[in-house]
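J.: Pasting a structure below so you can have a look.
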Amino acid sequence: MSLSDHLFPARTGEPRVSLQMVALGTATVFAYGIILLPIAVIIICSFNPSSALIFPPERLSLRWYWEFLATDDMINGLMWSILIAVVSAIAAVLLGTMAAVALVRGRFPLKGLINALLLTPLIFPGLILGVALLLYFQMLNAPLLARVTAAHILLGIPFVVRSVISSLDLFDIRIEEAAIIHGASPVRAFFKVTLPSIQPGIVAGAIFAFVVSFGEINATLFLTGPGLSTLPIQIYSQIQYGSEQVIVAAASTVQMGLVVVLIVVLERLFGLSVTTASR
Amino acid sequence: MSHISLETAAAPVSRARTWIRGSRAEFLLAPSMLYYLALLVLPSLAFCVVSFYGKSDTGFFDGVFTTRNYVRALGDKFYLASLWLTLRISIETTAACLLLGYPAAYFLSKIGPAARKKLIVLLLFPLLLSTVIRVYGWIALLGRRGIVNQLLISSGATDQPIAMLYTEGAVLVGLISILLPYMIINITNTLITIDPSLKEAAAIHGASPLRVFLKVTLPLSRAGMVSGAVTVFTIAMSTYIISFLLGGPRVKLMGNLIFDATASFNWPMGAALSVVLVLSTTASCAVLMQFLGKNSYGAAR
Amino acid sequence: MAIVEVSNISKQYNKSWAVDRTSLTIADGSFFSLLGPSGSGKTTLLRLIAGFLRPDTGEIRIGGQVVNDVPPHKRNIGMVFQQYALFPHRTVLDNVAFGLEMRGSGRAERERLAREALEMVRMSGREAAFPRELSGGQQQRIAIARSIAARPAVWLLDEPLSALDRKLRVEMQSELRSLQQLLGITTIYVTHDQEEALAMSDGIAIFRDGRIAQQGTPLELYERPVDAFVADFLGSANLLDGTATRAPQGWCVDIEGMRFPLARDANVSDREQVRLAIRPERLDLLRWDGHTAGAGLPASVESLVYLGSDLRVQLRTRGGSRLIARAPSRSDLASLEVGHEILAVWRPEEAVVVAH
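Chains F, W and A, in that order, are what the protein sequence lines are. In terms of my numbering, the first sequence opens at residue 9 and continues consecutively. In terms of my numbering, the second sequence opens at residue 728 and continues consecutively. In terms of my numbering, the third sequence opens at residue 546 and continues consecutively.
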């Protein structure tokens, strides 16, 4: 079997298959280019030593990473982002896991509707969620940290619900029943047998909740304020008002790096495919 | 008589009562339901109510019922033009994503599963990045002193930088770049579920490869196109950061007007525009589904 | 209608030969079965004839024309797929009319021919239904109608009845056969069910490891299997090992110390180790006291099973071979009990010398 046979297992004896695949491959490269080109450009430019975006860079330098580390706003933004992402991921895991277990195990009416409601934040426009929550929080006079975190918890729950439900669907409930038969109390059986079995789903949900919070801007833009802004908000204001544009590239690459590390951890530790939990 | 002992062992297992079952599960649902009530349902309802009030210079709203905001949102040329622009750009984005995404999805469905998985991960990675980052890449490319202009000038194709940023075209490119992965993933997922023997059945009964595609593959991948189109269209409709950063002050989408209304403390107007945006998005999606059709093909036995 | 010729065809999959230098000629208008266990290459050969696969070596001719480079849609073939492969988005009528539509018939013409095909499979009246609204058996009939509506030159059937229950399967076998005779269409039928192949075919090729172990008419294959594999695959066969001997009355074989005559046309040499294949229903059992010498192979009854109208007797010979005999349950063997001593006998022409 040749390499092309391996890549394109032919199903029909159509002689022009390879020509067709070349055309399709070209279209695919074009589509991927549109998607990935801006990301590649940022990564390359972030190693640019000068303060203008010169492409390709004449030489590579870490200057803008040092500048990033020396810019208080950026570092504060990064710290707030990590804090908010960690807190909202934990809260989303607690709320989302309970809801998922209830949906899989429970017998009550309107199950489909409740499931749909739990997934609404996935399709609810971030802009409108942000404005509606801003008005709501203004009327309640809620503190800034609570505003952002509360919104991010809401945005993280659907990812946890979905990945935990798919783990629970794979878990054979008779294993939990067997634990009870062999002397475990029902509560103990749940925590010692079921919970460890669905742990990959929980971890995947947590990582997705973290990543969503870490990058969210559509709703977040309305909920931050003086003294509290996340890294994406800092990047946003730097693009608008900042004099030093290249630092944005460095900040963006830092964020990408963190996302990549998390995804690699997810794949390595749990052998999970990121395809399972994305929307 | 081993099968008998197995049965006696199995019977009690099926009667073991797990901790979370039946109505007890409802209590686990309570925290998330309360949370959704407090942070999704109530704010949305309050927002809808506020859209029927007048604005107030001292508070959030004047508390007097009025339909004035809606009359303005749907009657004023300024708002109508923006709604139309939003619809047009969203439709153009959706159409472009369909045209660019379908061949790529078709390619992905034809290659081996291992290579496909790697290429899909490459599509998912951008979705995990902040929108601002991906927009910033286009600013770096399209700006006055951006990379494209640098390359054009150094190659002698032009001596003056071309204005590409802050145009409707830039917004369109940004939206397509950011939303295309959703379309490709949705269509690919549908294409790979099509039973290959259907294509063989079409071929053996006389359909050329082109007609196999037109008569079998394309109609059977409609579900993926619909879900991809709905996702892309919905997100495009509520865009405001992409249009603000790439389109500048001239490209005013509904999202930007909602942002502006909020920034000028006209909460009721912002709320009314939001309701109009959500309703027009929903209505357009309904039309889109009608247009592209749903896959029912008769009730299953 | 057309003759189908396959000469010296090979196809490699993952470094092993799925079809290995196979040649076959299927006469115009005949019903030919490709029979074999799964993975034996019969489906691969069918897919090569359909044009879904390209052969690595050899030639395929349909109606005298070499079709190696002809894509499937130009081969004028009709095919019934294992899981029917009906188009879920088309109505029954549009499914059946598909081949006619592709061949460019006008709407009125193709509807007329499609309705005619539906009538042949007795599915008139369900034209507007979608496939998923039909039962498995009904979908099967639609798939058959679709494959014949455009009157193709060659009809391919890929284990079409494997998903049906036994009663429906037997019914469909005779319907398929009479449809084939009505249309006079050259038919290639893939199956792993030997009863099906024996009941329906004019010719059968038995596949083993990518090669044809034997081909011929059902009778030839059943009565004169070339080897133990064929004998055993086409209905179980009792295999007995012995030594060929030349005796005054002709060729004989010594089995477990007993001497049995061979058929007149047996092709053996003196002192050769031979293997005999005897069908269970061709084995006769004689009641025996266990002592007196008799002309038969001594054995004892190990177990008895009644399978509907059949009685199956499992025997163990003195030499340890296991034999199975099959007889109508109303025969006098019905009085046999486990432990009885018997003599197994057969007519010389019922024992076929097969390759080891």
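We treat Cβ as the ideally placed atom computed from N, Cα and C, and that holds for glycine. A quick note: this is a predicted structure, and the numbers were derived from the prediction, not measured.
Quick check: the Cα distance between W/V939 and W/L1006, rounded to an integer number of angstroms?
T.: Distance between the alpha carbons of W/V939 and W/L1006: 39 angstroms.
J.: Taking C-beta pairs closer than 9 angstroms, name the residues in chain W that F/I225 reaches, listed in chain order.
T.: Simply S857, T858, V859 and I968.
J.: Is the beta carbon of F/I47 less than 7 angstroms from the beta carbon of W/G982?
T.: Not a contact, by the Cβ cut-off of 7 angstroms.
J.: Going by DSSP, which residues form a beta bridge with A/W562?
T.: DSSP, once it has assigned bridges, lists A/Q557 as partnering A/W562.
J.: Here's a check: name, in chain order, each residue in its chain whose Cβ is nearer than 6 angstroms to the Cβ of F/S171, leaving out the five neighbours to either side.
T.: Correct list, in chain order: G209, A212, G213 and A285.
J.: Is the beta carbon of A/L593 closer than 7 angstroms to that of A/D703?
T.: No, Cβ-Cβ distance for A/D703 and A/L593 is not below 7 angstroms.
J.: Closer than 8 angstroms by beta-carbon distance: list the chain W residues that pair up with A/P617, in chain order.
T.: Simply E927, A930 and I931.
J.: Are the C-beta of W/S954 and some C-beta of chain A separated by less than 7 angstroms?
T.: No, W/S954 does not count as interfacial toward chain A.
J.: Pick out whichever of F/F198, F/T261, F/L111 and F/F179 has its Cα sitting closest to the Cα of F/G223.
T.: With distances taken between Cα atoms, F/G223 lies closest to F/T261.
J.: Taking the alpha-carbon of W/D886 as reference, which of W/I985, W/V875, W/L1000 and W/I962 has the nearest alpha-carbon?
T.: The candidate whose alpha carbon is nearest that of W/D886 is W/V875.
J.: Do you know offhand how far A/A708's Cα is from A/Q628's?
T.: Each residue's Cα considered, the two are about 8 angstroms apart.
J.: With the cut-off set at 7 angstroms, would you say A/R623 and A/P697 are in Cβ contact?
T.: According to the sequence as given, residue 623 of chain A is Gly; it is not Arg. For A/G623 and A/P697, yes; Cβs fall inside 7 angstroms.
J.: Comparing the C-beta of W/Y893 with each C-beta of chain F, is any distance below 7 angstroms?
T.: Not one chain F Cβ lies under 7 angstroms of W/Y893.
J.: Rank A/D829, A/L828, A/E882 and A/E886 by C-alpha distance to the C-alpha of A/V850 and give the top, closest one.
T.: Comparing Cα-Cα distances from A/V850 to each of A/D829, A/L828, A/E882 and A/E886, the minimum goes to A/E882.
J.: For a minimum of 3 consecutive residues, which ranges assigned as the beta strand (DSSP E) are wholly contained in the segment 124 to 171 of chain F?
T.: Runs found: none.
J.: Count the other CB atoms within 10 Å of the CB of F/Y249; is the residue buried (16 or more) or exposed (fewer)?
T.: Result: exposed.
J.: Is it buried or exposed for W/W811, if we count other Cβ within 10 angstroms and need 16 for buried?
T.: With fewer than 16 Cβ atoms within 10 Å of its Cβ, W/W811 is classed as exposed.
J.: With C-beta atoms as the reference, is W/I912 less than 7 angstroms away from W/L869?
T.: Contact flag unset, no.
J.: Do the segment 980 to 994 of chain W and the segment 832 to 844 of chain W make contact, defined as three or more Cβ pairs closer than 8 angstroms?
T.: Contact fails: fewer than three Cβ-Cβ distances are below 8 angstroms.
J.: Out of A/S848, A/E765 and A/S781, which has the shortest C-alpha to C-alpha gap to A/E826?
T.: Closest option to A/E826, Cα to Cα, is A/S781.
J.: Considering only DSSP beta bridges, list what A/E550 is partnered with.
T.: For A/E550, which the question treats as bridged, DSSP gives the partners A/T570 and A/R606.
J.: Report back the beta-carbon spacing between F/A227 and F/G104 to the nearest angstrom; my notes put them in contact at under 8 angstroms.
T.: About 18 angstroms separates the two Cβ atoms, so there is no contact after all.
J.: Note down, in chain order, every chain F residue with its Cβ under 9 angstroms from the Cβ of W/V959.
T.: Under the 9 angstroms cutoff, chain F gives no residues; its nearest Cβ is about 12 angstroms from W/V959.
J.: Whose C-alpha, out of W/A999, W/T1009 and W/F1018, is nearest the C-alpha of W/L772?
T.: For the residues W/A999, W/T1009 and W/F1018, the minimum Cα distance to W/L772 belongs to W/A999.
J.: Which residues in the same chain have their Cβ closer than 7 angstroms to the Cβ of A/R655, if we skip the five residues on either side of it in sequence?
T.: Excluding positions up to five away in sequence, the list reads A642, L645 and E646.
J.: In chain A, which residues lie less than 7 angstroms from W/R938 when you measure between Cβ atoms?
T.: Residues of chain A passing the Cβ test: M647.
J.: Could you tell me the alpha carbon to alpha carbon distance between W/M996 and W/S778, rounded to whole angstroms?
T.: The straight-line gap from Cα to Cα measures roughly 6 angstroms.
J.: What residues in its chain sit with their C-beta under 6 angstroms from that of F/A140, if we drop five residues either side in the sequence?
T.: None.
J.: Mind checking the segment 624 to 640 of chain A against chain W and listing, in chain order, the residues whose C-beta falls within less than 7 angstroms of any C-beta there?
T.: So the list reads M624, F626, Q628, A630, F632, P633 and H634, given in the order they occur along the chain.
J.: Since A/V798 sits in a beta bridge, which residues does DSSP pair it with?
T.: Looking at the DSSP assignment, A/V798 forms a beta bridge with A/A789 and A/F805.
J.: Output needed for F/M9: all residues of its chain with C-beta closer than 8 angstroms, excluding positions within five of it in sequence on either side, in chain order.
T.: Legend: pLDDT at F/M9 = 37, less than 50; position of this residue unreliable, no value from coordinates given.
J.: Could you name the residues that DSSP lists as bridge partners for A/E886?
T.: Answer by DSSP bridge pairing, in chain order: A/S845.
J.: How long is the line joining the alpha carbons of W/H932 and A/T736, rounded to whole angstroms?
T.: Going by the C-alpha atoms only, they are around 21 angstroms apart.
J.: Enumerate in chain order the residues of its own chain whose CB-to-CB distance from W/P739 is below 7 angstroms, with the five nearest sequence positions on each side excluded.
T.: Because W/P739 sits at a pLDDT of 41, beneath the cut-off of 50, its placement in the model cannot be relied upon, and the following sentence gives the value as read from the coordinates. Nothing listed; no residue qualifies.
J.: Would you say A/G644 reaches chain W, if we count a Cβ-Cβ gap shorter than 7 angstroms as a contact?
T.: True, the Cβ-Cβ gap to chain W drops below 7 angstroms.
J.: Under 7 angstroms Cβ-Cβ, which residues of chain W neighbour F/S260?
T.: Result: I860 and Y863.
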